[in-house]
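Student: My structure is below; once you've seen it, I'll send some questions.
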Amino acid sequence: MKKYILTYCIFFAHLTYAQNYIYDADTNSPMEAVSIYISDGFGVITNEDGYFELPSQETIDSLYISHLSYTSKTISFQDLKAKDTIFLNPTPIHLDEIVLRQLNPKDTVLKAIKSIDYNYSNTPYNTFGFYRQSLTEDTKGIEMIEVEFIGYNTRKSVATEIINVRLTDNYSTLGIRTHGGVADVFKNGDFVKNKAHFLDTDKINAYEFKFDGQIPYQGLEIYKISFYPVIEDVDVLRKGVLFIDAKSLAIVEIRYSYDTEKLVKKAKASEKNLSTKKPLYRLKGVDNLIRYKQLPTGKWALMYIESHNFREGVFKDKSFDYHLTAKLVINSFKTKGPVKVKTNYNITNDFSKAVKKFNKLSVWDNNYKLSLSKNERQLLEDIQNHLKK
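With my numbering as the guide, the letters of the sequence shown map in order to residues 1 to 389.
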């Protein structure tokens with residue numbers, strides 16, 4: 001197993017890069033979370049600046065560029081020039097009247113839930129991925145963590161072996177500590193595997209579902225179905241959009257946020273008996289994206305999660321806004337002859353092993369698996385300023 005990991009590390013250590021951007025053809029604005037697949041199945045994703053880097057190797061023949069809301073594009077690697085900008089055209093959403101008359105969105109979601117065990121991989125496979133989380137305090141960066149990992153995914157569980165970690169110290173004024181990490185994202189962030197919340201058949205009546213139209217995507221026809229809670233329960237507070245393959249009813253993508261009014265009520269109820277001797281961290285907003293990829297086997301698997309968490313930290317006369325952003329990218333899958341791995345860190349103390357701290361952040365270079373954005377570079381500069389104090 002160690003030889004397997006070493007090969008993986010050395011392989012990525014000796015690559016050079018091709019640098020490019022992806023923009024919206026209509027608005028001329030950068031596009032975040034666009035998937036770029038190489039012909040051998042390896043893939044990367046754009047950052048919030050629309051920027052991505054590719055390993056420059058002879059096996060790259062072409063790039064397949066894909067985003068659910070845009071027309072996919074295939075580009076020959078030979079035609080791709082350094083610092084080239086690629087433009088994607090938005091895909092219109094079609095509201096087919098025939099489909100609208102025939103489709104019951106709630107029943108469609110219920111059928112999609114019941115099809116999960118069939119549509120998603122139930123045989124072991126490996127994932128090779130990258131994870132980044134960052135924390136700001138009143139817009140200033142105070143922590144960043146990056147992880148490269150190998151996963152061993154089975155139908156019921158996921159083990160993640162960390163290959164490499166780098167992180168900064170935490171410079172929170174109130175002492176807020178991030179938690180979760182890779183294992184927690186796999187455990188709690190994969191709503192399809194967990195059949196959680198709005199994908200729980202016992203809770204589906206707590207939500208209203210609405211058919212918003214159809215989108216062509218990767219040779220499929222995708223239903224766009226929005227949902228929102230219809231009961232007063234403050235624990236039922238997620239609202240968003242499901243994207244479902246019309247033929248197989250596989251859930252391709254989930255976008256959701258929290259109802260802010262219910263968050264306020266939930267916070268008031270939970271703070272009644274809390275001590276004022278410790279800082280209070282009040283959740284004020286959540287905005288998440290969960291995306292799946294179809295494997296060569298025809299089954300689907302988790303491919304990308306992006307989570308934004310907004311909390312207000314309060315202690316005595318001090319108040320700060322904290323924004324936690326976490327991004328997990330699966331760069332490649334191994335479905336044939338997967339290798340078993342074990343989680344090599346204490347998940348309650350996320351990065352307790354294989355940790356490399358950075359005191360000189362000027363050497364925190366870019367990572368093509370998820371390139372640093374301008375905001376993340378500024379975040380590192382903010383942390384560097386904390387180090388100088």
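Glycine included, every Cβ here is placed at the ideal spot set by N, Cα and C.
What span of residues does the beta strand (DSSP E) with residue 320 cover, start to end?
Tutor: It spans 318-334 - the beta strand (DSSP E) in which residue 320 sits, taken as one unbroken run.
Student: Comparing alpha-carbon positions, which option in 139, 43, 162 and 122 lies nearest residue 345?
Tutor: Cα-wise, what sits closest to residue 345 is 162.
Student: Hey, would you say residue 137 sits closer than 8 angstroms to residue 173, going by beta carbons?
Tutor: Going by C-beta atoms, residue 137 is nearer than 8 angstroms to residue 173.
Student: Among all the DSSP beta bridges, which residues are the ones paired with residue 119?
Tutor: In the DSSP output, where bridge partners are listed per residue, residue 119 has none listed.
Student: Which ranges does the beta strand (DSSP E) cover as unbroken runs of at least 3 residues, wholly within the segment 130-174, from first to last along the chain?
Tutor: Fully enclosed beta strand (DSSP E) runs of 3 or longer: 140-153 and 158-167.
Student: Is it the case that the Cβ atoms of residue 31 and residue 38 are separated by a distance below 8 angstroms?
Tutor: Result no, Cβ atoms of residue 31 and residue 38 do not sit closer than 8 angstroms.
Student: Output the distance between the C-alpha atoms of residue 71 and residue 91, rounded to the nearest integer angstrom.
Tutor: If you take the alpha carbons of residue 71 and residue 91, they lie about 5 angstroms apart.
Student: With a 10 Å radius around its C-beta and 16 neighbouring C-beta atoms as the bar for buried, classify residue 104 as buried or exposed.
Tutor: Exposed, because fewer than 16 other Cβ atoms sit within 10 Å of the Cβ of residue 104.
Student: When you compare only the Cα positions, how much space is there between residue 475 and residue 191?
Tutor: There is no way to answer for residue 475, as the model of the chain reaches only from 1 to 389.
Student: Contact check, residue 197 vs residue 255 under 8 angstroms by CB: the rounded distance?
Tutor: Not quite, the Cβ-Cβ distance comes to about 13 angstroms (not below 8 angstroms), so this is no contact.
Student: For residue 131, which residues from the same chain have a beta carbon less than 6 angstroms from its beta carbon, with the 5 sequence-adjacent residues on both sides left out?
Tutor: So the list reads 147, 182 and 328, once near-sequence residues are dropped.
Student: Measure how close the beta-carbons of residue 269 and residue 236 come, nearest whole angstrom, since I'm counting them as under 8 angstroms.
Tutor: Rounded, the Cβ-Cβ distance is 14 angstroms, inconsistent with contact.
Student: Around the C-beta of residue 125, are 16 or more other C-beta atoms found within 10 angstroms, so that it is buried, or is it exposed?
Tutor: Counting Cβ neighbours within 10 Å, residue 125 comes out buried, since at least 16 surround it.
Student: Compute the beta-carbon to beta-carbon distance between residue 314 and residue 282, rounded to the nearest angstrom, for a pair I have assumed lies under 8 angstroms.
Tutor: About 7 angstroms; that satisfies the 8 angstroms criterion.
Student: Check whether the Cβ of residue 267 sits closer than 7 angstroms to any heavy atom of the ligand HEM, and report yes or no.
Tutor: With respect to small molecules bound, the structure shown includes none, and the ligand HEM cannot be examined in it.
Student: Pick out whichever of 284, 75 and 250 has its Cα sitting closest to the Cα of residue 261.
Tutor: Closest by alpha carbon: 284.
Student: What residue ranges within the segment 256-327 form continuous alpha helix (DSSP H) runs of no fewer than 4 residues, ordered along the chain?
Tutor: As far as the segment 256-327 is concerned, its whole alpha helix (DSSP H) runs of at least 4 residues are 260-270.
Student: Measuring alpha carbon to alpha carbon, tell me which of 322, 153, 203 and 26 ends up nearest residue 69.
Tutor: Residue 26 is the option with its Cα nearest to residue 69.
Student: With burial defined as no fewer than 16 other Cβ atoms inside 10 Å of the residue's Cβ, what is the status of residue 337: buried or exposed?
Tutor: Answer is exposed; the Cβ neighbour count stays below 16.
Student: Is it right to say residue 133 is buried, meaning 16 or more other beta carbons lie within 10 angstroms of its own, or is it exposed?
Tutor: With 16 or more other Cβ atoms within 10 Å, it is buried.
Student: Report the option in 141, 378, 330 and 304 whose CA atom is closest to the CA atom of residue 323.
Tutor: Looking at the Cα atoms, 141 is the closest of the given residues.
Student: State the DSSP-derived secondary structure class of residue 63, mapped to helix, strand or coil.
Tutor: Reduced to three states, the DSSP call for residue 63 is strand.
Student: What's the gap between the Cα of residue 309 and the Cα of residue 120?
Tutor: If you take the alpha carbons of residue 309 and residue 120, they lie about 28 angstroms apart.
Student: Using a 10 Å radius around the Cβ and a threshold of 16 neighbouring Cβ atoms, would you call residue 102 buried or exposed?
Tutor: Exposed, since its Cβ has fewer than 16 Cβ neighbours within 10 Å.
Student: Rounded to a whole number of angstroms, what is the C-alpha to C-alpha distance between residue 305 and residue 288?
Tutor: Residue 305 and residue 288: Cα-Cα distance of roughly 7 angstroms.
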